[in-house]
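If you're matching positions, the sequence shown starts at 6 in my numbering and goes up one per residue. Cβ atoms here follow ideal geometry from the backbone N, Cα and C, with glycine treated the same way.
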Amino acid sequence: MFKKTISLLLAVLFLSGCLQTDWTVKVDLTDEEKQETQATIADYKDKIKNYEPDDVFFTLDPPIPFWVELARAYESLGQLGDALDTYEKAKTYYPRSQAIENNIGRLYEKAEKYEKAVEQYLYVAEEFQEPKYYYDITWVYLKAKDRKNAEKYFNIWQLATQKTDGQTQRAIKDLREEEKAN
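What follows is the structure in structure tokens.
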């Protein structure tokens, strides 16, 4: 019985370590910029913790801009996991926020979790009926060097918005030429 309990505990610890969002990216900030950003983090954590409605923000829960600014401060320090965790906490108060959902997609993209970014942008596009996210998906696939899917979602975006974009067309063309060269 004791061995089973230990084994179960170790498995839970292992899995929690695998699921943890401890992504960090290198950022180029001066010491002064880091201190300012850390002060911003402390300020917004305090604002969220001690939130009271006022003349500017009258929601019952800490408003979305507080969560977004806190997450952006973490992101500017390269702490993408903390930024993602912040958005996930904000979703407990605001489960249908397009801003939060879009920013989660951006974080996945920045962390080069391209499949998760595509899933997130597809969710936002469908949930909020916003075809502009197909453009974001196009660029995720371009970064992932997946020309076929990039073309597919670029075409979906073009049909839905009746727009085009020369920069994206060039990027797809360049990727096609790169494929031919290889």
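Asked: So, for serine 81: in the same chain, excluding its five sequence neighbours on each side, which residues have a beta-carbon less than 6 Å away from its beta-carbon?; Found: Thr42
Asked: Using three-state DSSP, classify glutamine 84 as helix, strand or coil.; Found: strand
Asked: Pull up the distance between the alpha-carbon of valine 73 and that of threonine 91, whole angstroms please.; Found: 8 Å
Asked: Give the DSSP-derived three-state secondary structure of threonine 29 in the structure shown.; Found: strand
Asked: Nearest by alpha-carbon distance to aspartate 51: which of Phe71, Asp33, Thr35 and Lys94 is it?; Found: Phe71
Asked: Should aspartate 87 go down as buried or exposed, given a rule of 16 or more other Cβ atoms within 10 Å for buried?; Found: buried
Asked: Considering only the alpha carbon of each residue, which of Glu131, Gln172, Ala176 and Ala76 lies closest to lysine 153?; Found: Ala176
Asked: Give me the Cα-Cα distance between glycine 22 and tryptophan 28, rounded to the nearest whole angstrom.; Found: Note that glycine 22 has pLDDT 41, beneath the 50 cutoff, so the model's placement of it is unreliable and no number is given.
Asked: Which residues mark the beginning and the end of the alpha helix (DSSP H) in which glutamine 172 is found?; Found: 171-186
Asked: Nearest CA to the CA of alanine 47: which residue from Asp33, Arg77, Phe63 and Tyr138?; Found: Arg77
Asked: Pairs of beta-carbons, one from the region 101-115 and one from the region 126-136, closer than 8 Å: are there three or more?; Found: yes
Asked: With DSSP run on the structure shown, which of helix, strand or coil describes leucine 65?; Found: coil
Asked: Return yes when the Cβ of glycine 83 is within less than 8 Å of the Cβ of lysine 168, no when it is not.; Found: no
Asked: So which of Asp59, Lys39 and Gln134 has the shortest CA-CA distance to glutamine 103?; Found: Gln134
Asked: Looking at tyrosine 139: is its Cβ nearer than 8 Å to the Cβ of tyrosine 158?; Found: yes
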